[in-house]
Amino acid sequence: GAVVSQHPSWVICKSGTSVKIECRSLDFQATTMFWYRQFPKQSLMLMATSNEGSKATYEQGVEKDKFLINHASLTLSTLTVTSAHPEDSSFYICSAEPRANEKLFFGSGTQLSVL
Amino acid sequence: GQQVMQIPQYQHVQEGEDFTTYCNSSTTLSNIQWYKQRPGGHPVFLIQLVKSGEVKKQKRLTFQFGEAKKNSSLHITATQTTDVGTYFCAGLRGGYQKVTFGTGTKLQVIP
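Chains A and B supply the protein sequences, listed in that same order.
Just so we're aligned, residue 636 is where the first sequence starts under the working numbering, counting upward by one.
Just so we're aligned, residue 193 is where the second sequence starts under the working numbering, counting upward by one.
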């Protein structure tokens, strides 16, 4: 099946710093990628839809200036958590679909801890 | 907005017992997907159901899509320890490009 690579797997940073997370589709082109946030023992909460070559579509309540998304190519989307604070600590995970409205392939996730 | 609820939230079963999780959407869906997430892992696609009343089987797993396309179920026969994980349904509404994930059911299998 299709492979989605996500890096880094975990990151620890100081409060106030910015963290960039990469999501790559390795064997298919993805015009659309999705970014989620998952708290312990909870479901995946969609943060934004990343569209290649255009602005991301953010879900209600997600700060676009806080969570910067860039989808510069058909195989790469990045999520930058700007000026991270302890409340931003969470598991962030991306997904992509080789074909619209079919199955999603997920990256392995990034555990962010902000001290 | 659309809500997708799953029950139960947690389920502990003895190995060999059956397990069922139910998924209910507040809106009619065009299709529904099921994913499994192992502890510490990422969701992995299991199946997609599209037709009203559709039933699909994968070995010991049986998936069903309701007639009204607002609910779905996943039934596991004779659970094994390898079935441990959280099962999510994810519904897609017509005209939308994104799925909404259910609240998930965490399955624990006691050997």
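Even for Gly, the Cβ is constructed at its ideal location relative to N, Cα and C.
Between residue 309/B and chain A, is the shortest Cβ-Cβ distance under 7 Å, so that the two count as touching? Lying before the first or after the last residue shown, residue 309/B is absent from chain B, which here runs from 193 to 303.
Roughly how many angstroms separate the alpha carbons of residue 248/B and residue 255/B, rounded to a whole number? Cα-Cα distance, rounded: 5 Å.
Output the distance between the C-alpha atoms of residue 699/A and residue 705/A, rounded to the nearest integer angstrom. Near 11 Å, if we compare the C-alpha coordinates of residue 705/A and residue 699/A.
Within the continuous beta strand (DSSP E) that includes residue 297/B, where are the two ends? Run containing residue 297/B: 297-302, per the beta strand (DSSP E) assignment.
Chain B contact residues for residue 737/A, given Cβ-Cβ distances below 8 Å: Within chain B, the residues near residue 737/A are 240.
Given a threshold of 16 other Cβ atoms within 10 Å of its Cβ, counted over all protein chains shown, does residue 737/A qualify as buried or as exposed? If you draw a 10 Å sphere on the C-beta of residue 737/A, you find fewer than 16 other C-beta atoms in it, and that means exposed.
Min CB distance residue 688/A to chain B below 7 Å: Interface criterion not met: the Cβ of residue 688/A is under 7 Å from no Cβ in chain B.
Mind checking if residue 204/B is an interface residue toward chain A, Cβ cutoff 7 Å exclusive? No, because no Cβ of chain A sits closer than 7 Å to the Cβ of residue 204/B.
Counting only Cβ pairs nearer than 7 Å, list the residues of chain B close to residue 741/A. In chain order: 234 and 235.
Could you name the residues that DSSP lists as bridge partners for residue 674/A? None; residue 674/A has no bridge partner.
Show which residues of chain A have a CB atom less than 9 Å away from the CB atom of residue 300/B. Going along chain A, no residue has its Cβ under 9 Å from residue 300/B, so there is no contact; the nearest lies around 12 Å.
Same chain, Cβ closer than 6 Å to residue 216/B, neighbours up to 5 away in sequence not counted: Within the same chain, and ignoring the five residues on either side of residue 216/B in sequence, the residues whose Cβ sits closer than 6 Å to its Cβ are 197 and 263.
When 252/B, 193/B and 259/B are compared against residue 266/B, the one with the closest alpha-carbon: Nearest C-alpha to residue 266/B: 252/B.
Could you tell me the alpha carbon to alpha carbon distance between residue 717/A and residue 692/A, rounded to whole angstroms? Roughly 18 Å between the two C-alpha positions.
Contacts of residue 667/A in chain B (Cβ-Cβ under 7 Å): Neighbours of residue 667/A on chain B, chain order: 289.
Could you tell me whether the Cβ of residue 257/B comes closer than 7 Å to any Cβ of chain A? Chain A, which has no Cβ nearer than 7 Å to the Cβ of residue 257/B, makes this no.
Own chain residues within Cβ distance below 8 Å of residue 667/A, not counting five before or after: Counting only Cβ-Cβ distances below 8 Å, and skipping sequence neighbours, we find 684, 685, 686, 687, 731, 732 and 735.
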